[in-house]
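All residue numbers in the sequence shown are consecutive under my numbering, ending with 135.
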Amino acid sequence: MTDNPLLAARRTALDLLARREHSWHELLEKMRERLPELDEHDVLRPALDQLVADDLQSDQRFVEGYVRYRSTRGDGPLKIAAGLQPRRIAADLLKPALYENGPDWVALCAEALAKKFRQTGKDKPDQQQRMQRFLMQRGFTGEQIRAALKLNRKD
-19 MTDNPLLAAR RTALDLLARR EHSWHELLEK MRERLPELDE HDVLRPALDQ LVADDLQSDQ
41 RFVEGYVRYR STRGDGPLKI AAGLQPRRIA ADLLKPALYE NGPDWVALCA EALAKKFRQT
101 GKDKPDQQQR MQRFLMQRGF TGEQIRAALK LNRKD
């Protein structure tokens, strides 16, 4: 290992960031595992703060990419928010990424519904409940589910 601990911490963080975006806290946890001999407050945190200052690490970029990826897989905003919770993302970054600049959740909800269930016109009540449960498990809100079910009935 090199004599300069800050340089070693920076190099480790950049290796991790070269693979994919990470949240600040995610990087800190991985660096703690990889560099247990380095002091968190004197070395690891300052190294990460410098990466943020150099715009090499960004929680906003991480959140936007995570929302984009998970939404294309058919996950709704509640499930995505739950997945981001352990990564300790600030609420002021999460809300805009999910709702203001995020995808059209009703359209994605309707798309997930169409993929899973055949459209039969007028659905029976038990079929409606199955659809609702499925969409709730995917992390869509009640409002989004109702709107998607309306779209499903019109088609």
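Every residue, glycine too, gets a C-beta built ideally from N, C-alpha and C.
If you're wondering where the values come from, they're calculated on a predicted model, not measured in any experiment.
Return helix, strand or coil for residue i, following the three-state DSSP convention.
i, result
"residue 67", "helix"
"residue -9", "helix"
"residue 132", "helix"
"residue 21", "helix"
"residue -19", "For residue -19, the predicted model reports a pLDDT of 47, less than 50, meaning its position is unreliable; a value from the coordinates is still stated below. If DSSP states are grouped into helix, strand and coil, residue -19 belongs with coil."
"residue 36", "coil"
"residue 55", "coil"
"residue -1", "helix"
"residue 104", "coil"
Could you say which of the options lies nearest to residue i if we only look at CA atoms?
i, options, result
"residue 90", "123, 79, 71, 47", "123"
"residue 133", "117, 111, -6", "111"
"residue 0", "-12, 126, 36, 16", "36"
"residue 72", "54, 87, 94, 44", "44"
"residue 117", "130, 131, 96", "96"
"residue 29", "15, 16, 3", "3"
"residue 121", "94, 78, 98", "78"
"residue 68", "49, 32, 13, 6", "6"
Between which two residues does the alpha helix (DSSP H) holding residue i run?
i, result
"residue 141", "Coverage of the chain is limited to positions -19 through 135, which leaves residue 141 absent and any answer about it impossible."
"residue 5", "4 to 14"
"residue 95", "85 to 96"
"residue 120", "Note, residue 120: premise wrong, no alpha helix (DSSP H); not H, not E."
Using 8 Å for Cβ pairs, my map puts residue i next to residue j. What's the rounded Cβ distance?
i, j, result
"residue 23", "residue 57", "Incorrect: roughly 37 Å between the Cβ atoms, too far for contact."
"residue 75", "residue 119", "The pair is not a contact, with the Cβ atoms about 15 Å apart (cut-off 8 Å)."
Report whether the distance from the Cβ of residue i to the nearest heavy atom of the ligand HEM is below 6 Å.
i, result
"residue 12", "Summarising the ligand content, the structure contains no ligands, and the ligand HEM is consequently not present."
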